[in-house]
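Since the structure comes first, as structure tokens, the remarks are kept for the end.
Now the structure itself:
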């Protein structure tokens, strides 16, 4: 009587330990996944930080360069303003040209998409025709086709019976093992 109580307690302890192990394993996997995500995020943030530092450094260098050029340059403020206006005008003209080209580009893009879809559809139809043609020429007669199909069926039935016998053996083994435990 004491032995069975002790055995029951030990069995319950083992079950609780197994359950705790499963819980700890789940927690470990979850934390590992979180750590991986955080590591990836850290790498991305470090990359962005390095890029920002590089960008800031470049801007500081550009600013210093510009200040040096302005101080060394004989350009007057009027000349700089005139050059700025020229650049603004060039930008405005480029934007107008882009606006005039955009409708033609959109039309060409639509035509390209339509043609691409048509080509894909034709390729699909051609593939279907080739498949039909291949099936028609693969066998010289219905008898040859039937014979080939029967061989395929026999092979598949053999594979199925082998798999079923393996399943049966595994089930028997599982029941035997369960009875021993």
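In the UniProt record's numbering, the protein residues as written are 1 to 181. A virtual CB, placed ideally from N, CA and C, is assigned to each residue, including glycine.
Consult DSSP for residue i and reduce its assignment to one of helix, strand or coil.
{"i": "residue 100", "result": "helix"}
{"i": "residue 28", "result": "helix"}
{"i": "residue 173", "result": "helix"}
{"i": "residue 17", "result": "helix"}
{"i": "residue 94", "result": "helix"}
{"i": "residue 141", "result": "coil"}
Length-filtered (3 minimum) beta strand (DSSP E) runs lying within the stretch 51 to 92 = Runs found: none.
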